[in-house]
Structure formats: C-alpha cells, structure tokens
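Enquirer: Final position of the sequence shown in the working numbering is 129; the numbers increase by one with none missing. Dropping a structure here in structure tokens format, bear with me for questions.
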Amino acid sequence: MQLHHVQVIMPTGGDDGARAFWRDAVGLTEVTPPPELAGRPVRWFRAFDSSGAITLEVHVLADEQFVPARMAHPAILVDSVATLETLGERIASAGFELSWAQRTSFAGYQRFHCWDAFGNRVEVMTPTQ
C-alpha cells in the first residue's frame, strides 16, 4: 500500500496562510486541482522527485466549521538528518511554531513537529539507520 495524499483543513479565506506554510516554508509546489474539482475551496501542493514523479501531495480544504488538528497530523518523511535540520530551520525562519522536543522519541527516526498557519500539527521525520 501507499498513501496517495493527505487532506488538512483551513479556515475559509485561508489561502494565503496555506501558501505561506506549504509552498513557501515547506517548499511544495502549488498545483491546480483537476477540472472536476473546480470551484471547491481547496489548494493542492505537491513534492516531486528528480524524475518528476509525485512523492507527496497535500490538499488544503477550507471549512467554515474549522477547528485545528492539534494532535492528528500528517508525517512527512525526508531523506536525511541534514535535510530534516535544513527544513526545520526554513520553517522556523518563516515564523511558524516548531518543536524539536521529541526529536529522538520515535525509535529509528529523528523528527520535529511544527504547526501550520492555522494551528494544524505536522510531523517531519527521517530514518536514523
């Protein structure tokens, strides 16, 4: 099995905050959703490998009943400790809350937790073996 995408929620009108986090801080590429989803209040973001294959996709949907996911979260896997640290610095430098408090609390991985512009939790991790 593989995970195709994850959807997180933002408040209505939160497009700029979604872009500031997922595009600018995390470094994903914003893409246009397929035509059959035209008119829906959603933003799509993707990561690609060196061959152009999609490796990660995040859909950010506006919801008038928005409540941040403070515990439920996507976990993004990166390829090295150096990449983990560089991304952590980039996210923190962009002004987003970030914590290394549980950096080594998941056996076989190093990680950090951060929160998007709306308070949704995101985990970023890398294998240490």
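The beta-carbon is built from N, C-alpha and C at its ideal position, and this holds for glycine as well. In this text, all values refer to a predicted model and were calculated from it rather than measured experimentally.
Considering only the alpha carbon of each residue, which of T32, Y109, E30 lies closest to Q129?
Expert: By one-based count along the sequence shown, residue 129 stands at place 129. Checking every option, the nearest Cα to that of Q129 belongs to Y109.
Enquirer: What does a CB cutoff of less than 7 Å around R70 pick up in its chain, not counting 5 residues either side in sequence?
Expert: Reading the sequence shown from its first residue, position 70 is the one you call residue 70. Here the set comprises G119, R121.
Enquirer: Where DSSP assigns a beta bridge to V81, which residues make up the other side?
Expert: Locating residue 81 in the sequence shown gives position 81, where the first residue counts as 1. For V81, which the question treats as bridged, DSSP gives no partner whatsoever.
Enquirer: Using 8 Å as the cut-off, can you tell me whether the stretch 42-61 makes contact with the stretch 98-109, which would need three or more C-beta pairs spanning the two stretches below that distance?
Expert: The stretch 42-61, when compared against the stretch 98-109, does not touch it at the 8 Å Cβ threshold.
Enquirer: Should A82 be labelled buried (16 or more other beta-carbon atoms within 10 Å of its own) or exposed?
Expert: What you label residue 82 is simply residue 82 of the sequence shown in a count that begins at 1. With fewer than 16 Cβ atoms within 10 Å of its Cβ, A82 is classed as exposed.
Enquirer: Smallest Cα separation from H59: which of S51, P34, T126, E97?
Expert: Within the sequence shown, numbered from 1, the residue matching residue 59 stands at position 59. Measuring from the Cα of H59, the nearest candidate turns out to be P34.
Enquirer: Would you check if the stretch 60-68 and the stretch 5-17 touch, i.e. whether three or more CB-CB distances between them fall below 8 Å?
Expert: Yes: the two stretches touch, three or more of their Cβ pairs being nearer than 8 Å.
Enquirer: Quick check: A92 and A18, are their CB atoms within less than 8 Å of each other?
Expert: Translated into the one-based positions of the sequence shown, residue 92 becomes position 92. Translated into the one-based positions of the sequence shown, residue 18 becomes position 18. No, these two residues do not count as a Cβ contact at 8 Å.
Enquirer: Expressed to the nearest angstrom, what Euclidean distance is found between the alpha-carbon atoms of M125 and H113?
Expert: The count along the sequence shown starts at 1 and reaches residue 125 at position 125. The count along the sequence shown starts at 1 and reaches residue 113 at position 113. Straight-line Cα distance between these residues: approximately 9 Å.
Enquirer: Could you check the C-alpha separation between D15 and D49 for me, to the nearest Å?
Expert: As a working mapping, residue 15 is identified with position 15 in the sequence shown. As a working mapping, residue 49 is identified with position 49 in the sequence shown. Their Cα atoms are separated by approximately 25 Å.
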